[in-house]
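Counting in this note's numbering, the sequence shown runs from 22 upward without gaps. The beta carbon of each residue, even a glycine, is placed where N, CA and C say it ideally should be. The structure appears right after this line, and notes come after that.
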Amino acid sequence: MVYGRETPSPPVKSRKKTFTITALLIVASILFAFAAYWFLTTPRIPWLFKGAYANYHGEAIILFIPVKLDMRVEVVDYNSTHVKLLQYMKMNTPLGSQEYQNTTWMDLTKKVYEIEGVKLKRTYEQEIYIEGFGTRKCIVYEYELTPSGSLMIYYVDKEVVWPVKITFSMIGAQDIPGLSIDLKITDTNIPGLKK
């Protein structure tokens with residue numbers, strides 16, 4: 022009795038090829054899902070790479086002496102929760118120059134620019150113009166350095182989350198005049214900051 026034709030089973034080579042393609046598609050789907058999850062849940066930090074840097078420059082008159090201040094901040098290392106920053110400063114006056122260097126680990130999990138031992142007075146948004154960088158939308162962090170009203174103000178680019186301007190404003194005492202200096206970004210390799 023013949024009820025129908027038997028379909029020949031596919032050759033072994035064809036079954037192996039189908040199995041291999043299916044396995045590769047499953048692995049690719051898992052890797053894609055993991056990559057999509059990582060991309061969507063990990064915040065994008067454009068400056069988080071070794072060698073990311075920004076240079077700053079500012080000038081002021083302190084007690085009738087012209088002062089030039091140059092600063093460099095550079096990423097020297099990082100991990101999943103912290104970034105190690107190198108800060109180098111050089112102050113030039115007609116009387117000579119001084120240099121200062123420091124490295125510190127910054128916590129990436131903190132939402133604001135927290136500075137240990139300094140009181141955050143207020144935050145607000147402001148647009149500022151920086152030559153060579155254009156108008157930047159910034160979140161401004163004002164820190165009270167002393168009870169007398171001396172301030173340190175960070176203008177942090179809202180998109181890139183990196184300071185483009187730092188202002189020090191010191192209140193003078195009795196016969197000593199106050200001091201104010203703006204350090205503005207002059208050069209960087211951080212994507213998104215340069216025009």
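Within the same chain, and ignoring the five residues on either side of Arg143 in sequence, the residues whose Cβ sits closer than 7 Å to its Cβ are Glu163. When C-alpha distances from Lys105 are compared across Ser201, Pro115, Glu180, Lys71, the shortest belongs to Lys71. Under the criterion of beta carbons closer than 8 Å, Thr188 and Ala75 do not qualify as touching, at roughly 16 Å. In terms of Cα proximity to Val88, the closest of Gln108, Gln122, Leu204 is Leu204.
In the DSSP assignment, no residue is bridged to Lys215. The DSSP-derived three-state label of Lys186 is strand. Between the C-alpha atoms of Ser201 and Gly213 there is a straight-line separation of about 29 Å.
About 6 Å separates the beta carbons of Ile151 and Ile206, which is inside the 8 Å limit, making them a contact pair. For Glu80, the enclosing beta strand (DSSP E) has its first and last residue at 74–83. Look at Lys105 here: in three-state DSSP terms it is strand. Counting along the chain, the unbroken beta strand (DSSP E) around Lys205 starts and ends at 200–209.
Just so you know, the alpha carbons of His103 and Val181 end up roughly 17 Å apart. Considering only Asn113, Leu129, His78, the residue with the shortest C-alpha distance to Asn100 is Leu129. Secondary structure of Glu152 (DSSP, three-state): coil.
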